[in-house]
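As structure tokens, the structure follows; a few thoughts come after it.
Protein chains: 2
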Amino acid sequence: MAAVDLTTHPGHLARRLQQAHYLLWNTMVSEEITSPQFAVLNALVAEPGLDQRTVGERVGLDRSTIAEVIGRLIRRGLLDKVRDPQDGRRFLLRLTDDGVRTHRRLTVRTARMNQVFLAPLGPEEQAVFIDLIRRVADAAEGLRDPASSLAAPH
Amino acid sequence: MAAVDLTTHPGHLARRLQQAHYLLWNTMVSEEITSPQFAVLNALVAEPGLDQRTVGERVGLDRSTIAEVIGRLIRRGLLDKVRDPQDGRRFLLRLTDDGVRTHRRLTVRTARMNQVFLAPLGPEEQAVFIDLIRRVADAAEGLRDPASSLAAPH
DNA sequence: CAATAAAAATCAGTGCACCGACGAAACGGT
DNA sequence: ACCGTTTCGTCGGTGCACTGATTTTTATTG
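These protein sequence lines are chains C and W, in that order. Residue 46 in our numbering sits at position 64 of the first sequence, and the numbers go up by one each step. Residue 79 in our numbering sits at position 97 of the second sequence, and the numbers go up by one each step.
Okay, structure coming up:
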């Protein structure tokens, strides 16, 4: 009888929120392009010619994951990857014409999806929600390396 | 130059929030038991003897995923699974002694982790945050089957 | 009571997300 | 010019999450 009420646990709610968004994306935006894939396209619209690692940093994905996502986008012909002539370790990324078109087409739909997603909240609440979630996420992300003496006992 | 500011997109923020929580869980709670696994243990502390599908419903996981999670918990000896004598399709789930101990041990740590996670917000903000995130998640989950004419064009 | 429908679980396939280890390229200082 | 270090990308392994198809068992209906 020592069970906990998970609906008061932000982590559990975060997971459910993310899943709900995943489903809504599939029905309202695209079944072929995922939300992380769109984030990569978007980062390259803003800054063409970025290298792989930096794109991952911009959208919040580690090196392994970004490599997979980029691999899929290249296979679908939305992205090109060329070795940096200045630095042979890097790959420079660039959208294809199809990639640009896809990004433009999906941008409209993401805006509509966001409206539906936030519809249960009033206008002021929506702004508060965005602000709170961003502050928590930012703080937790900054909580990674710094000597942090938060390690679990066992 | 038609790039979007993803820090205003709740879906993108939800993903980052979930990732941040995942990392914090690993450092502050356990590297062996994951948050969804703990949720399953917790559901079975509250209601011992549930079947697999119902546990999935309680914690918000579909049939495929809950099967995998339960498989891991059984392999680690935290859970037992027996056929329902009344209904041969079902498997009834029950915690082992080790499962009960693990749940108790982790409960304390999750509470501490939640404090750290929500620390960037003031006390009232924390309550608002929980309320908003729950309302959005609940609404989006209820948005699944009902004929919903939200389907994407292409 | 047999044919059919519904429900529980599994399986195959795709995709995101992490870690740790590895190889190749570049940089730094001596 | 050289050796050690850092950095970029890859690879292997684990785990969550979904869909759609299949299997087994139960329930329903003609």
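Built from N, CA and C at the ideal position, the CB exists for glycine as well.
Reference residue i; option with closest CA among the options
i          : options                                      : result
W/Ala122   : C/Ala(-15), C/Arg83, C/Ala2 and C/Trp7       : C/Ala2
C/Arg11    : C/Thr89, C/Gln108 and C/Leu61                : Note that residue 11 of chain C is Val in the sequence shown here, rather than Arg. It is C/Thr89.
C/Ala(-15) : W/Ala(-16), W/Arg40 and W/Asp(-13)           : W/Arg40
W/Arg45    : W/Thr(-11), W/Arg72, W/Asn8 and W/Gly81      : W/Arg72
C/Gln19    : C/Ala(-4), C/Val64, C/Leu43 and C/Ala93      : C/Leu43
W/Pro(-8)  : C/Pro(-8), C/Arg58, C/Asp(-13) and C/Leu(-1) : C/Leu(-1)
W/Val118   : C/Phe111, C/Ala119 and C/Asp120              : C/Phe111
W/Arg65    : W/Arg58, W/Leu55 and W/Arg76                 : W/Arg76
W/Thr78    : W/Arg91, W/Arg57, W/Asp69 and W/Thr92        : W/Arg57
W/Arg91    : W/Thr(-10), W/Leu(-5) and W/Ser17            : W/Ser17
C/Val82    : C/Arg(-3), C/Ala(-4) and C/Pro30             : C/Pro30
C/Ala101   : W/Gln108, W/Asp120 and W/Pro105              : W/Asp120
C/Leu125   : W/Asn8, W/Leu114 and W/Thr(-10)              : W/Asn8
W/Asp80    : W/Leu103, W/Met95, W/Gly70 and W/Leu55       : W/Leu55
C/Arg86    : C/Gln108, C/Arg(-3), C/Ala28 and C/Gly70     : C/Ala28
W/Ile115   : C/Ala93, C/Leu(-5) and C/Leu(-12)            : C/Leu(-5)
C/Asp(-13) : W/Glu107, W/Pro105, W/Asn96 and W/Glu106     : W/Asn96
DSSP-derived helix/strand/coil call for residue i
i          : result
C/Arg91    : helix
C/Val64    : strand
C/Asp69    : coil
W/Arg58    : coil
W/Asp79    : helix
C/Leu23    : helix
W/Gln0     : helix
C/Asp44    : coil
W/Asp113   : helix
W/Asp(-13) : coil
W/Leu103   : coil
W/Leu74    : strand
Contacts around residue i, its chain only, beta-carbon distance under 7 Å, and the 5 residues preceding and following it disregarded
i        : result
W/Ile48  : Gln34, Val37 and Gly38
C/Phe99  : His3 and Leu6
W/Leu103 : Phe111
Below-8 Å beta-carbon distance, residue i vs any chain C residue
i         : result
W/Gln1    : yes
W/Pro(-8) : yes
W/Val27   : yes
W/Pro102  : yes
W/Thr89   : yes
W/Thr36   : no
W/Gly42   : yes
W/Thr92   : yes
Near the ligand SAH: residue i beta-carbon under 7 Å from a heavy atom
i         : result
C/Arg(-3) : As presented, the structure is devoid of all ligands, the ligand SAH included, so that no description of it is given.
Chain W contact residues for residue i, given Cβ-Cβ distances below 9 Å
i       : result
C/Arg86 : Ala(-16)
Min CB distance residue i to chain W below 8 Å
i         : result
C/Ile115  : yes
C/Arg(-2) : yes
C/Glu106  : no
Partner residues on chain W for residue i, Cβ-Cβ distance less than 8 Å
i         : result
C/Thr16   : Under the 8 Å cutoff, chain W gives no residues; its nearest Cβ is about 10 Å from C/Thr16.
C/Leu(-5) : Ile112, Ile115, Arg116 and Ala119
Residues near residue i by beta carbon distance below 8 Å, same chain, minus five either side
i          : result
W/Thr206   : Given a span of -17 to 136 for chain W in the structure shown, any question on residue 206 of chain W remains unanswerable.
W/Ile52    : Val22, Gln34, Val37, Leu61, Lys63 and Leu75
C/Leu32    : Ala25, Leu26, Arg40, Leu74 and Leu75
C/Asp113   : none
W/Thr(-11) : Leu(-5)
Listed by chain order, chain C residues near residue i by CB distance under 9 Å
i        : result
W/Glu193 : Missing from the structure shown is residue 193 of chain W; chain W here goes from -17 to 136 and no further.
W/Phe73  : None at all; the shortest Cβ gap to chain C is about 21 Å.
Own chain, CB closer than 6 Å to residue i, minus 5 neighbours either side, in chain order
i        : result
W/Ala129 : Note that W/Ala129 scores 47 on pLDDT, short of 50, meaning its location in the model is unreliable and no value can be drawn from it.
C/Gln156 : The structure shown does not extend to residue 156 of chain C, since chain C is modelled only from -17 through 136, so no value can be given for it.
Chain-ordered chain C contacts of residue i [CB-CB under 7 Å]
i          : result
W/Leu(-12) : Ala21 and Asn24
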